[in-house]
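Below is one structure, written out as structure tokens; the observations come after it.
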Amino acid sequence: MGLAGYLIVSAVMLACGIVCTVARKNVIYILMGIELILNAANLNLVAFSRFNGHLDGQVFAIFSIILAAAEAAVALAIVLNVFGLFDSIRPDDPDLLKE
Amino acid sequence: MPDITNPFWIRPELCLTAFACAALLVDLLFRESVLVGAFSLMGLLATGYFLLQQYGQTPPPGHVLGCVAVDRFATLFKLFAVGSLIFVVLFTLLGKRTRREGFSEFYFILLCAGLGAFFLASTYHLLMMFLGLELLSISSYVLTGYYKGNRRSGEAALKYVIFGAVASGVMLYGFTLIYGLTGSLDLLEISEKQLLRAQFEAGPSGYVPISIAVAMCFAGFAYKISIAPFHFWTPDVYEGAPTPVTTFLAVASKGSGFAAMLRFLSAGFLVDPNLPGNEAMMGYGVKIGHLVALLAAVTMTLGNLAALQQTNLKRMLAYSSIAHAGYILMGVATMNDEGFKSVLFYLVAYYFMNLGAFGAVIYFANTTSGEEIDDLRGLGWRAPVVGVTFIIFLVALVGLPPTSGFVGKYNLFVAAIRNGYQWLAVVAGLNTAISLFYYFRIAKAMYLRDPDEGRFKTVTPSPMLAGLLVLLAFGTLWFGIGPGVAQLQDYAAVSQTLTTR
Amino acid sequence: MNVASNLLSWITFFPLVGILAIMCLPSAQKQLIRLVAIVASAVPLGLSLYMWFWGFDGASERMQLIERAPWIQAGNFVVQYFVGVDGLSMPLVALTCLLLFIGVFASWNIERGLKGYFALLLLLEIGINGTFVSLDMFLFYVFWEIMLLPMYFLIGIWGGPRREYAAIKFFLYTLAGSVLMLVAIVAIYIITGRFNIQSYLDVNGNNVAGLLELARTKNINPQVLTANGMLLGLPFQDWIFWFFFIAFAIKVPVFPFHTWLPDAHVEAPTPISVILAGILLKLGGYGMLRIGFPIAPESFMKYRDFLAVLGTINIVYGAYVAMGQTDFKKLVAYSSVSHMGYVLLGAASMTDMGLKGATLQMFNHGTSSAMLFLIVGVLYDRAHHRDLNGFGGLMTQMPRYGGWTTLGFFAALGLPGLAGFWSEAMTLLGSFGPYPTLTIISGLGVLMTAAFLLWTIQRVFLGPLNPKYAKLPDISAREIFCQAPFAALCIVFGVAPAMLINILAPAVKSYLAMFPGLH
Amino acid sequence: METLFFILFAALAIAGSLATVWLRYVVHSAFALMAAFLGVAGLFILLGADFIAVSQVLIYVGGILILILFGIMLTPPDKKERSVKRVLGFGIPVFAIVGGLAFQIGSVVKWVEKPDLPIPGPTAAPIGRALLKPDGYLVPFELVSIVLLVALIGSVFIARRRTMQSIGATSQAIGGTSQAIGGTSQAIGRASSAPGGKS
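Here the protein sequences line up with chains A, B, C and D, keeping their order.
Sequential numbering of the first sequence, starting at 95, is according to my numbering.
Sequential numbering of the second sequence, starting at 2, is according to my numbering.
Sequential numbering of the third sequence, starting at -10, is according to my numbering.
Sequential numbering of the fourth sequence, starting at 10, is according to my numbering.
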């Protein structure tokens, strides 16, 4: 299977991720959308790396996976904290700041 | 081939890391927040010392230790980050709300954020750039939510993390496209081997994906420096975050974001007739410049119009910082080292005036526990040092002589006009006129109202804070009429290291 | 640090010493603060007198007392600290020093925020003097803007009831003008690569005409500047001309940009009105003659008829509106508008006589308008209002005040034997050649001025005494001390105008030589 | 055979991501997300990136997804959150744009590719070498440990409750976080200690 197939899969995942972050209001969904975007990027990296013969793409993918984990941990901690303060996890709901 | 075993060039980073980790241990031993703060300050000063040592030296070309570039451009921005961190730490120490709990975490994460800013500014490698950005961002999310019992702080952190994660994800995707198009993750290599040019010559099948990739990468940078349409988080986060953290976000974080953006753009899109390359590629750089100019115009206009309606001081400064990002983009839009030079100078000017403005805000928060502009009524009479220095910062933010804001803005205007962006200069001129109204609302509240009108009793600032403000005001004037203006020449050399290879 | 060799820098920056000293004093030490302010403004006055009588060669048409040093050198961004005076600016520098010195005395009864007040006043002095002496456009602009902020605060904090409105109006008008000026400066800089005003008035006194010459010496394509280089349908030079003109016209103020002036004057405290009318307005006229016109000579020659019309409108309209005023201060403010019209008319005439009249008028109006505002201030301090119809018969109650007022009014309306006569007469004589009709109309303005000033004397001093004011004390010694120098100048230069004209004449001669199409 | 597997994994990844966006309940979406992750892991294997595939399973499925599940358990269910109008309103234009671009990207664009590269062998060792080479990725490798430390300390600090009142499970969630991060670093450790890792 050539490069193109992988790129198309990745593009679809990117689209899903973007839609998930803008169209769903629950913060958990937004985080899942972000994970989809990152996965799409990883798929790109590994596919390019496979077809251009450099290892750099794979190394980047490793780092990106680790960073995704770190980011998710911090994001969920913040979500839990906000949930404790507001009893809501829709980002539109806490509205102190928009007055 | 640089001597990669020579630790001289990585010493500031090592120093900062060591002090950051040690800050956690100091807390275990002594449990005294002032001590941890002082310890971090010591670390920052040591780092700054190492950086100053580097600044005078001729750096090795290319990379040190694989991914790290230690050119003067990087050192300048590292100094910028360390300098602002020193003030952030001092502001934190002088601020009212120092908590019993979690201060060592605060300083640790603050120093790590500085480390992220360091690496973000000092790399040509996309992986390293992403890593630096993430370190800076993750630290900033935590710092924003530092008042975890406070709803505003929590909400600000939530907004920040969501916007940030989406933007950095999109940027990562853009990076992967660049990797796919060039086969390299190293911007230096991309630029030197003109890898993008090969793509470009293939016609639309080349430049359409390049455009998409660049646009996606811009999402990340734009979010970091709060350019439209990625600026929505700025006012909320600036208002909700603890004020010293806001200072950090407005100054150091934004500065490094610009550094990364300039490096990214210098990799293949420069409009420099002296560079080897074909005309089409240069034409493409010009087009990117047009796009940046458009973003600049939109950003500054949105920022200024929104700032007009604000009553909260921190929110107003947030919108003002958006507007300033727009002004700075004027220099970026030129896509040559003349513009980049003016960007560097403006950032230095911006450093002094914004740190000063936030320092004054911290004083108000300490004494009046209010952040509304109306709370400032008559304050200039009761706290003359803060009042007068604040006026100087405001004058600089408007861009009037004899301050650094004027010289900085002047050079941005000249760069824009000289490179065919007359319309942008006109837009920026109009925006400057608009900005006058809201900046002077502060001046009006402080001086034109009766001293007795204010709701709060004010006290004289601590001599330390007053000293800091005077120092920053001095810097604002130094780079406005003093010999500091000559730095412009120096920055021209610095930006040339970035653009001529 | 030789005072004699750096005379202009000492005059300009000495008030800085005063500012620093005042900042360090405790605010309770009011007398001490005033004393420091007096000293800080007296020293420049002394130095400027030294300059006038000994330091300056009045017969020479060259720039004198030149100080030149690199200030900013950053690649192609080169700015010099470049100062010097010629016959045009030297008297104005001296006048500034005198006005500020008197201004400090006139501020004696200000109690609130004394430290800030005097610090700002001295900062204002730095800005004004710096503007008059700078020969580098960038430096000129910096000083020009330095004036702006102190003025804003002086009106906004220490002014009358509508001070905020007046202050912001003043600020915005002036800033709008200076933005245009900045645009023009940037444009010139981009084309020529330098800011040097002296590059067309070079050190040896060889007059090089304006922008065109500036461009030719730098081998820049003159096409950009002449009729071929069009920008939105106007030659480039015209744009430069109009931008500078509007910037300075707002300051003068030229009709229709004058509306900030009455507000600012009415709300400003007396000493600030004095300085505003006495010297700040002159900056507009000075700027036109120093930069605005010579840098774009062809455009100036093209549009000068229009400028003459504007000058005439100023004279007549100012006098006409002044007639209708019942507020004493507003009346004086509009009379300033009228008087500044002569400067524009004389400058547009481009005759030796007319230009001498215009430059003379700048100086003379500085003294006479200062007197008028001081007179208004005396009355306002006592009666706490300025309504002309509320007074009457004060001559019997305040005879000495009445005498000073009459002298001031006569000086303003140009009575022969007083200084104002010479400047107005010379302006009108000079402009009669090129613009006979406009000159005749302007002559009407002279009549109207005389009419409303005499009518004012009648309303305030003659007729039955308003019983409310039966106990008003007469003018005090301090107030007389403030008036006396201006009165003396009016009389001295009225009797012996040649003293001043001889200084102005060489500058006017070299100014005229800068316009190639004139001969 | 390879094509068959590709279609299988690609379908899994695409269907999983579409379902993640579409499904009404967040738990369902989370499991759909797991399917997508596994599909991507399969694609990684097809691309010869065995080490990445394992990391994907370990960290994404074992770490991040568990974190998300904790997040779901600790927050209240929100049934009315999905708006079909919103999802379609954003989804259709985005898919139209991305679809058009994807077609172009797949067919026209000249990516940097060498057509007949053999499928690489086990990649753990070369990755480990690259990570520890001083002029390779050593600095990023060290830096990422700082990132993890910041994330660990930061998330513990933020999520730690001052009062012990509600939801004791928070600490467990944090446990999950550190597990995920621990898994990451173990993975890296394994990579570097792989044969030849120490150069």
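Just so it is clear, CB atoms sit at the ideal spot from N, CA and C, and this is done for glycine as well.
The structure displayed is predicted, hence computed values, not measured ones.
Problem - As assigned by DSSP and simplified to three states, the class of D491 of chain B - result: Position 490 of the second sequence, counted from the first residue, corresponds to residue 491 of chain B. If DSSP states are grouped into helix, strand and coil, D491 of chain B belongs with the helices.
Handout entry: Cβ shell of T356 of chain C (< 6 angstroms), same chain only, five flanking positions each side left out
Key = The residue you call residue 356 of chain C lines up with position 367 of the third sequence. Result list for T356 of chain C: F475, L478 and C479, in chain order.
Handout entry: CB contact flag (I239 of chain C, G166 of chain C, <7 angstroms)
Key = For the purposes of this step, residue 239 of chain C is taken as the residue at position 250 of the third sequence. For the purposes of this step, residue 166 of chain C is taken as the residue at position 177 of the third sequence. Cβ distance < 7 angstroms, so I239 of chain C and G166 of chain C count as in contact.
Handout entry: Buried or exposed by the 16-neighbour rule on C-beta atoms within 10 Å, applied to E106 of chain B
Key = Indexing the second sequence from 1 puts residue 106 of chain B at position 105. When all chains shown are included, E106 of chain B counts as buried.
Problem - Cutoff 7 angstroms: G80 of chain D Cβ touching any chain B Cβ - result: One-based indexing of the fourth sequence puts residue 80 of chain D at position 71. So no, G80 of chain D is outside the interface.
Handout entry: Proximity to A44 of chain D [Cα-Cα], best of D:A62, D:R91, D:T29 and D:L97
Key = To locate residue 44 of chain D, count along the fourth sequence from 1; it is residue 35. Among D:A62, D:R91, D:T29 and D:L97, the Cα nearest to that of A44 of chain D is on D:T29.
Practice task
Could you tell me how far apart the beta carbons of A350 of chain B and G406 of chain B are, in whole angstroms, since I believe they sit closer than 8 angstroms?
Solution key: Along the second sequence, read from residue 1 onward, the residue named residue 350 of chain B stands at position 349. Along the second sequence, read from residue 1 onward, the residue named residue 406 of chain B stands at position 405. With 8 angstroms as the limit, A350 of chain B and G406 of chain B qualify as a contact, their Cβ atoms being about 6 angstroms apart.
Problem - Contact list for D59 of chain D against chain A, beta-carbon separation under 9 angstroms - result: Residue numbering aside, residue 59 of chain D sits at position 50 when the fourth sequence is read from its first letter. Chain A residues near D59 of chain D: none, gap ~10 angstroms exceeds 9 angstroms.
Handout entry: Pair within 7 angstroms by beta-carbon distance, T340 of chain C and G422 of chain C
Key = Working through the third sequence from its first residue, we reach residue 340 of chain C at position 351. Working through the third sequence from its first residue, we reach residue 422 of chain C at position 433. Their beta carbons are under 7 angstroms apart, which means T340 of chain C touches G422 of chain C by this criterion.
Handout entry: Cross-chain neighbours of E153 of chain C in chain B, by beta carbon under 8 angstroms
Key = Along the third sequence, read from residue 1 onward, the residue named residue 153 of chain C stands at position 164. Going along chain B in sequence order, the residues near E153 of chain C (Cβ under 8 angstroms) are K445 and L449.
Handout entry: Simplified DSSP state of L54 of chain C, which is helix, strand or coil
Key = On the third sequence, position 65 is the one that residue 54 of chain C refers to. It is a strand residue.
Practice task
Consider the Cβ of V176 of chain A: report whether some Cβ of chain B lies at a distance smaller than 7 angstroms.
Solution key: Against the first sequence, residue 176 of chain A aligns to sequence position 82. Yes, contact with chain B.
Practice task
Keeping to the same chain, check which residues put their C-beta closer than 7 angstroms to that of F132 of chain C; ignore five residues upstream and five downstream.
Solution key: Mapped onto the third sequence, residue 132 of chain C falls at position 143. Only G116, G119, T120 and S123 meet the Cβ criterion.
Handout entry: For T509 of chain B, the three-state DSSP class (helix, strand or coil)
Key = No statement about residue 509 of chain B is possible, as the shown extent of chain B runs from 2 to 502 and does not include it.
Exercise for the section: Would you list the residues sitting across from Y70 of chain C in a DSSP beta bridge? Expected result: On the third sequence, residue 70 of chain C is found 81 positions in, with the first residue counted as 1. Answer is C:A58, bridged to Y70 of chain C.
Handout entry: Other residues of its chain near D376 of chain C: CB distance less than 7 angstroms, five sequence neighbours each side excluded
Key = Taking the third sequence and counting its residues from 1, one reaches residue 376 of chain C at position 387. Closer than 7 angstroms at the Cβ level, and outside the excluded window around D376 of chain C, lie T315 and D316.
Exercise for the section: Check the DSSP bridge columns for V1 of chain B and list the partner residues they point to. Expected result: One cannot answer for residue 1 of chain B here, as it falls past the ends of chain B, which runs 2 to 502.
Exercise for the section: Could you work out which residues of chain D lie near I139 of chain B, taking near to mean beta carbons separated by less than 8 angstroms? Expected result: Here the question's residue 139 of chain B lines up with position 138 in the second sequence. What I139 of chain B touches in chain D: V156, V159, A160 and G163.
Handout entry: Whole-number beta carbon distance between V113 of chain A and I23 of chain D, since they are thought to touch under 8 angstroms
Key = For the purposes of this step, residue 23 of chain D is taken as residue 14 along the fourth sequence, with counting starting at 1. For the purposes of this step, residue 113 of chain A is taken as residue 19 along the first sequence, with counting starting at 1. About 13 angstroms separates the two Cβ atoms, so there is no contact after all.
Handout entry: Nonlocal neighbours in the same chain, by C-beta distance under 6 angstroms from L402 of chain C, ignoring five residues either side
Key = By one-based count along the third sequence, residue 402 of chain C stands at place 413. The residues are T438, A439 and L442.
Exercise for the section: State the start and end residues of the unbroken alpha helix (DSSP H) segment that holds W382 of chain B. Expected result: For the purposes of this step, residue 382 of chain B is taken as residue 381 along the second sequence, with counting starting at 1. It spans L380 to R383 - the alpha helix (DSSP H) in which W382 of chain B sits, taken as one unbroken run.
Handout entry: Residues sharing a beta bridge with S123 of chain C, DSSP
Key = The residue you call residue 123 of chain C lines up with position 134 of the third sequence. DSSP output for S123 of chain C lists C:V72 as bridge partner(s).
Problem - Pairwise C-alpha distance: A434 of chain B and V83 of chain B - result: To locate residue 83 of chain B, count along the second sequence from 1; it is residue 82. To locate residue 434 of chain B, count along the second sequence from 1; it is residue 433. V83 of chain B and A434 of chain B: Cα-Cα distance of roughly 33 angstroms.
Practice task
Return no unless some Cβ of chain D is closer than 7 angstroms to the Cβ of P245 of chain B.
Solution key: In the second sequence, the residue the question calls residue 245 of chain B occupies position 244. Judged by the 7 angstroms Cβ criterion, P245 of chain B is not in contact with chain D.
Problem - Residue from C:A322, C:S16 and C:G346 whose Cα sits closest to the Cα of A487 of chain C - result: Against the third sequence, residue 487 of chain C aligns to sequence position 498. Of the listed residues, the one whose Cα sits closest to A487 of chain C is C:G346.
Handout entry: Collapsed DSSP secondary structure at P224 of chain C in the structure displayed
Key = Position 235 of the third sequence, counted from the start, is the residue given in the question as residue 224 of chain C. Reduced to three states, the DSSP call for P224 of chain C is strand.
Exercise for the section: State the DSSP-derived secondary structure class of D237 of chain B, mapped to helix, strand or coil. Expected result: Taking the second sequence and counting its residues from 1, the one referred to as residue 237 of chain B is at position 236. If DSSP states are grouped into helix, strand and coil, D237 of chain B belongs with the helices.
Problem - Under 9 angstroms (Cβ pairs) to chain D, residues found in the segment 117 to 131 of chain A - result: A117, R118, K119, N120, V121, I122, Y123, L125, M126, G127, E129 and L130
Problem - Three CB pairs or more closer than 8 angstroms across the segment 295 to 310 of chain B and the segment 324 to 342 of chain B - result: yes
Exercise for the section: Tell me, please, whether the CB atom of P462 of chain B is closer than 7 angstroms to any CB atom in chain C? Expected result: On the second sequence, position 461 is the one that residue 462 of chain B refers to. Not closer than 7 angstroms to any Cβ of chain C, the Cβ of P462 of chain B fails to qualify, so no.
Problem - Residue-level contact to chain B via CB, K119 of chain D, 7 angstroms cutoff - result: Taking the first residue of the fourth sequence as 1, we reach residue 119 of chain D at position 110. Cβ-Cβ to chain B under 7 angstroms: yes for K119 of chain D.
Problem - Residues sharing a beta bridge with D376 of chain C, DSSP - result: Taking the third sequence and counting its residues from 1, the one referred to as residue 376 of chain C is at position 387. Per DSSP, C:D316.
Exercise for the section: In the DSSP assignment, find the unbroken alpha helix (DSSP H) run with M336 of chain B in it and report its ends. Expected result: Here residue 336 of chain B is taken as the residue at index 335 of the second sequence, counted from 1. Looking at the DSSP string, M336 of chain B is not in any alpha helix (DSSP H), and its letter there is neither H nor E.
Problem - As assigned by DSSP and simplified to three states, the class of E129 of chain A - result: Residue 129 of chain A sits at position 35 when you count from the first residue of the first sequence. In the structure shown, E129 of chain A sits in a helix (DSSP, three-state: H, G or I).
Handout entry: Residues of its chain near L418 of chain C, where Cβ-Cβ distance is below 8 angstroms and the 5 sequence neighbours each way are ignored
Key = As a position in the third sequence, residue 418 of chain C is number 429, starting the count at 1. M342, G343 and G346.
Handout entry: Validate contact between the segment 85 to 93 of chain B and the segment 124 to 131 of chain B using beta carbons, cut 8 angstroms, 3 pairs
Key = no
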